[in-house]
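Quick note: our numbering has the sequence shown finishing at residue 324, numbered continuously throughout. Note that beta-carbon positions come from the ideal geometry of N, C-alpha and C, so glycine has one too.
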Amino acid sequence: TIEDWDFLEQIESILAKFDECTLVVSERPPRISLAISIYYKLHDILHDVASREGEFSGLHPDIVAAMSPDLQKFQEYCDLMDGQDTYSVAQVLDRRFKTLLLENELGEATA
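As structure tokens, then:
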């Protein structure tokens with residue numbers, strides 16, 4: 214039915230965001246300096262899905278219900294990452310990504 218196709222398109226739109234992150238992480242050579250920005254991006258995606266915000270504002274309630282526990286589990290990993298200085302130091306030392314986190318979190322004009 215049309216409703217089923219709409220449901221599948223909504224799932225695909227979420228999975229496409231995860232695919233983008235997977236492709237970045239899969240680049241050669243791998244760079245630890247990307248870890249923090251990828252984690253923040255994934256957190257933002259899960260948050261937007263769970264709260265039906267931004268481009269995910271029209272999500273079906275069943276999709277939101279299925280993704281909400283994932284946000285809670287992911288938050289545990291984010292808390293672990295926040296306690297590791299290695300990732301922050303790697304990002305600051307990599308000149309290519311020095312301002313990437315600031316631009317993503319604060320916007321280009323502020324960074």
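The beta carbons of V237 and L247 sit about 6 Å from each other, so the pair counts as a contact at 8 Å. Its chain contains G271, L272, V277 as the residues whose beta carbon lies nearer than 8 Å to that of R265, once the 5 sequence neighbours on both sides are disregarded; these appear in chain order. The residue among D219, I215, L255, L221 with its C-alpha nearest the C-alpha of D232 is L255. Exclusion of the five residues before and after Y290 leaves no residue of its chain whose Cβ lies closer than 7 Å to its Cβ. DSSP places P242 outside both helix and strand once states are collapsed to three, so it counts as coil. By the 16-neighbour rule on beta-carbons within 10 angstroms, V302 is exposed. Per the C-alpha coordinates, the member of G296, L293, D295, H260 positioned closest to D283 is H260. Contact check for Y252 against M294 passes: the beta carbons are separated by less than 8 Å.
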